[in-house]
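J.: Take this structure, written in structure tokens, and hold onto it; I'll ask about it next.
Residue numbers (the working numbering): 74 to 282.
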């Protein structure tokens, strides 16, 4: 079974990180690795993460000094990634229960460097490109995808081939929104990108409760 690694930076997330972790524990696909990076939290975040890790050896907890930069926390986790696929989860996001299963299925079918699922924000679900399901059965190249993602016509959460993605985490993206910039760099350099729907992530659920 293919392993999927999930990187989750956490900073003072004690009030909601349980929901994020539970959304991973409840996945319909079970061969995952959750790498939680406590980014110098001053609340009980680290204790909560460690409690989960003590109960499930698929969860790895790392701790670093806070640099006020979630991308630095993701970079810190990359050497610990074991999975063939890599995805991200913020501590105030949640996966839909079949996100990993459906993403892996589409990866197996397409062989794409990146497979893109849905994003749910409030009552709105964003799928494929411009919410147009015609893209579900198409595979596009990186340059074409870059043109769509540069102005957020692609909004879904993605799974990446780890060997492809990891080499771009070594760059120093100072002076910009590093997470957004990296996403665009990954799309631009991917050989191909595929889409799936029915599984994705609830984005910033703490703002939608």
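Yeah, the Cβ is synthetic: ideal placement off N, Cα and C, and Gly gets one too.
#1: Helix, strand or coil: which one does DSSP assign to residue 198?
#2: Report buried or exposed for residue 74, applying the criterion of at least 16 other Cβ atoms within 10 angstroms of its Cβ.
#3: What do you get for residue 270, buried or exposed, if any count of 16 or more other CB atoms within 10 angstroms of its CB means buried?
#4: Which one of 264, 242, 150 has the shortest CA to CA distance from residue 254?
#5: Taking the continuous alpha helix (DSSP H) assigned at residue 222, which residues delimit it?
#6: Just how far apart, CA to CA, sit residue 221 and residue 135?
#7: Who are the Cβ neighbours of residue 273 in its own chain at under 7 Å, not counting the five residues just before and after it?
#8: In three-state terms, what does DSSP make of residue 74?
#9: Is residue 97 near residue 105, with beta carbons less than 9 Å apart?
#10: What are the partner residues of residue 82, as DSSP defines its beta bridges?
#11: Could you check the C-alpha separation between residue 150 and residue 144 for me, to the nearest Å?
#12: If you compare alpha carbons, which of 77, 148, 164 is closest to residue 100?
#13: For residue 141, which option in 126, 84, 117, 259 has the closest C-alpha, if you only look at C-alpha atoms?
#14: For the candidate residues 137, 107, 138, 157, whose alpha-carbon lies nearest to that of residue 128?
#15: What does DSSP give as the partner residue(s) for residue 134 in the beta ladder?
#16: Alpha carbons only, please: which of 164, 155, 130, 156 is nearest the one belonging to residue 146?
#17: Using the rule of at least 16 other Cβ atoms within 10 Å of the residue's Cβ for burial, across every protein chain shown, is residue 210 buried or exposed?
T.: The structure says:
#1: Collapsing the DSSP output to three states places residue 198 in a strand.
#2: exposed
#3: buried
#4: When each option's Cα is compared against that of residue 254, the closest is 242.
#5: Taken as a continuous stretch (DSSP letters only), the alpha helix (DSSP H) holding residue 222 covers 215-222.
#6: 35 Å
#7: Beyond the five residues adjoining it in sequence on each side, residue 273 comes within less than 7 Å, by CB distance, of 169, 172, 190, 191, 192, 193, 229, 230 in the same chain, given in chain order.
#8: Residue state, collapsed to three classes: coil.
#9: yes
#10: For residue 82, which the question treats as bridged, DSSP gives the partners 110.
#11: Counting only the Cα atoms, residue 144 lies some 10 Å from residue 150.
#12: 77
#13: The residue with the shortest Cα to Cα distance from residue 141 is 84.
#14: 107
#15: 109
#16: Residue 164 is the option with its Cα nearest to residue 146.
#17: exposed
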